[in-house]
């Protein structure tokens, strides 16, 4: 990744983020029912969107890796899983902080929260696999398989958790999305925040991807050095 | 087909001779059920049935995870997995054979666990248990499909034993939810309609993981 | 301004986590760059050494 692209993306992310923060704290009107806490929504939802997109990308990279066996796909998948995990953690934490004043509890087993938690656990497992094992093509294949299987699992998780929750009445039926956004300024704020987080995600992804590429290059150089040493040693 | 039969027969013969996996699985299920009885102190009736269903599935998950870790050690210690990988056997057939063996051991352990559950949780041996059978069978099949694929991964990395439950349990969550609900409904004598929706989820889970395992197994056991 | 604490906490955590993650990536990148430079320098050294030996060997013949 060249430096100027990196800088440009960083600047774009920073700019969008500043605008988003201004809109969240100054521009957007306070929501009538929930009051000021509802403003968490404008960053909470983009975090969720980015996390889900990242996890989808992990599976796509897994498929391409198994197909083409190029380490680029492996590194991209790893980078996506890691940044996805950062945003998934943020979704859970901000959701929890939002739930406390509104629902009166830090955690409820509502279907969306439960699904997000399970996603977090699934990709936590994926990252543990990567952290515990060495960087070999074999482990890269394992990670690709786990990434694909995890995404294949998501639809059943969503359906089962939803069905599980309809048995017990939910604490609060309506939440964000569609209901509370009657003011066009709210929609505009959410859209800007979505753009800011998407840019942030792409930027982080590229940064992390670059370090992973460098790691691959170092491994290759170390191999060459060993060969050169061996050649020098036999004289 | 002959390869499938050969691998399955090998696994079953090994088990008949030593009986290790089955005994370990049944003993573990027994222990888990006893621990849960102490922890939850269930009484009979509807509440007892609901808790019994949950306990049964907890036993299934933990016994299943530990059972597949054990099977994996056995394979690794005698170099069997190496030989299987080097053999010209079709990867899909190899997967189905390992899966069938895992399913048979689990089915035996689950049958024992159901008997123990009825005894410990003050339930009755009656027709309701027949309704439980397809639920347990689908759950065991899904778990076998999942653990066979993941055990092949865990068996070939250093901290595999630790990693297996960390990967398997979150993935098994939908089947766990559906299984516990369906078992609870079956044990309290709910009509079939109440079980059907959960059975659908179990079937979907099984289909997804059987297909994923069958298609992806070759990438897991491929040579380095 | 009720519940301002929650709002403040949520946004602080978001930016703290993102900032820490960026720092984590940058530090790792810096470390890897050093490693890469060292490796490249050593590889060059060993190769030059090899070449030098080859020339002396040819001169001796």
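Chains as they are written, first to last, in the numbering used here: chain A, 1 to 235; chain B, 1001 to 1224; chain C, 2001 to 2061.
The C-beta atom is built at its ideal place from N, Cα and C for all residues, glycine as well.
Anyone know if the C-beta pair for residue i and residue j falls short of 8 Å?
i                       : j                       : result
residue 113 of chain A  : residue 95 of chain A   : yes
residue 199 of chain A  : residue 46 of chain A   : no
residue 1064 of chain B : residue 1117 of chain B : no
residue 2014 of chain C : residue 190 of chain A  : no
residue 148 of chain A  : residue 63 of chain A   : yes
residue 1021 of chain B : residue 1071 of chain B : yes
residue 2047 of chain C : residue 228 of chain A  : yes
residue 195 of chain A  : residue 68 of chain A   : no
residue 1109 of chain B : residue 1026 of chain B : yes
residue 20 of chain A   : residue 2050 of chain C : no
residue 115 of chain A  : residue 2028 of chain C : no
residue 132 of chain A  : residue 1159 of chain B : yes
residue 37 of chain A   : residue 98 of chain A   : yes
residue 139 of chain A  : residue 1085 of chain B : no
residue 1082 of chain B : residue 1155 of chain B : no
residue 1172 of chain B : residue 1061 of chain B : yes
My assumption, with CB atoms under 8 Å, is that residue i sits in contact with residue j. Please give the rounded CB distance.
i                       : j                       : result
residue 130 of chain A  : residue 78 of chain A   : 6 Å
residue 1115 of chain B : residue 1004 of chain B : With 8 Å as the limit, residue 1115 of chain B and residue 1004 of chain B do not qualify as a contact, their Cβ atoms being about 31 Å apart.
residue 1133 of chain B : residue 1029 of chain B : Not confirmed; about 16 Å, so no contact.
residue 1162 of chain B : residue 1150 of chain B : Not confirmed; about 12 Å, so no contact.
residue 1181 of chain B : residue 109 of chain A  : With 8 Å as the limit, residue 1181 of chain B and residue 109 of chain A do not qualify as a contact, their Cβ atoms being about 14 Å apart.
residue 156 of chain A  : residue 1170 of chain B : With a Cβ gap of about 12 Å, residue 156 of chain A and residue 1170 of chain B do not count as contacting.
residue 2003 of chain C : residue 101 of chain A  : 4 Å
residue 1058 of chain B : residue 1040 of chain B : About 10 Å separates the two Cβ atoms, so there is no contact after all.
residue 204 of chain A  : residue 2006 of chain C : Rounded, the Cβ-Cβ distance is 26 Å, inconsistent with contact.
residue 50 of chain A   : residue 197 of chain A  : 5 Å
residue 125 of chain A  : residue 1166 of chain B : 5 Å
Comparing C-alpha positions only, which one of the options sits nearest to residue i?
i                       : options                           : result
residue 2036 of chain C : A/228, A/215 and A/155            : A/215
residue 1205 of chain B : B/1220, B/1145 and B/1189         : B/1145
residue 1203 of chain B : B/1192, B/1190, B/1178 and B/1188 : B/1178
residue 92 of chain A   : A/48, A/133 and A/135             : A/48
residue 1142 of chain B : A/27, A/134, A/139 and A/153      : A/153
residue 1226 of chain B : B/1181, B/1010, B/1067 and B/1077 : Any question about residue 1226 of chain B goes unanswered here, given that chain B covers just 1001 to 1224.
residue 1188 of chain B : B/1062, B/1086 and B/1127         : B/1127
residue 1199 of chain B : B/1051, B/1131 and B/1025         : B/1131
residue 217 of chain A  : C/2049, C/2039 and C/2025         : C/2039
residue 1074 of chain B : B/1175, B/1059, B/1010 and B/1039 : B/1010
residue 221 of chain A  : C/2009, C/2032, C/2011 and C/2018 : C/2032
residue 1176 of chain B : B/1076, B/1158, B/1139 and B/1037 : B/1139
residue 213 of chain A  : A/66, A/33, A/135 and A/230       : A/135
residue 1034 of chain B : B/1148, B/1213, B/1192 and B/1122 : B/1122
residue 1014 of chain B : B/1201, B/1098 and B/1055         : B/1098
residue 219 of chain A  : A/208, A/137, A/187 and A/197     : A/137
residue 1069 of chain B : B/1038, B/1055 and B/1152         : B/1152
residue 143 of chain A  : A/103, A/65 and A/53              : A/65
residue 230 of chain A  : C/2017, C/2016 and C/2043         : C/2043
Is it buried or exposed for residue i, if we count other Cβ within 10 angstroms and need 16 for buried?
i                       : result
residue 40 of chain A   : buried
residue 145 of chain A  : buried
residue 2045 of chain C : exposed
residue 26 of chain A   : exposed
residue 173 of chain A  : Low confidence applies here, because residue 173 of chain A scores a pLDDT of 44, under 50, leaving its location unreliable and the question unanswered by this model.
residue 2053 of chain C : exposed
residue 175 of chain A  : With a pLDDT of 48 at residue 175 of chain A, under the threshold of 50, the modelled position of this residue cannot be trusted, and the question is left open.
residue 13 of chain A   : buried
residue 106 of chain A  : exposed
residue 22 of chain A   : exposed
residue 1031 of chain B : exposed
residue 1147 of chain B : buried
residue 73 of chain A   : buried
Between which residues of its own chain and residue i is the CB-CB distance below 8 Å, once the five residues before and five after are set aside?
i                       : result
residue 123 of chain A  : 55, 58, 81, 84, 85, 88 and 150
residue 2041 of chain C : none
residue 1104 of chain B : 1012
residue 1195 of chain B : 1131, 1135, 1182, 1185 and 1186
residue 1048 of chain B : 1042, 1121, 1122 and 1123
residue 120 of chain A  : 85, 88, 89 and 92
residue 1192 of chain B : 1131
Return the chain-ordered list of same chain residues with a C-beta closer than 7 Å to the C-beta of residue i, the five sequence neighbours on each side being excluded.
i                       : result
residue 29 of chain A   : 183 and 185
residue 1091 of chain B : 1217, 1218 and 1221
residue 158 of chain A  : 115
residue 202 of chain A  : 9
In chain order, what residues of the same chain have a beta carbon less than 6 Å from the beta carbon of residue i, not counting five sequence neighbours either side?
i                       : result
residue 42 of chain A   : 24, 189, 190 and 193
residue 1184 of chain B : 1050 and 1053
residue 1089 of chain B : 1003
residue 111 of chain A  : 161, 162 and 165
residue 1093 of chain B : 1003 and 1004
Exercise for review: Anything in the region 2034–2055 of chain C with a Cβ closer than 8 Å to a Cβ of chain D? List those residues in chain order, please.
Suggested key: Of the protein chains in this structure, namely A, B and C, none is chain D.
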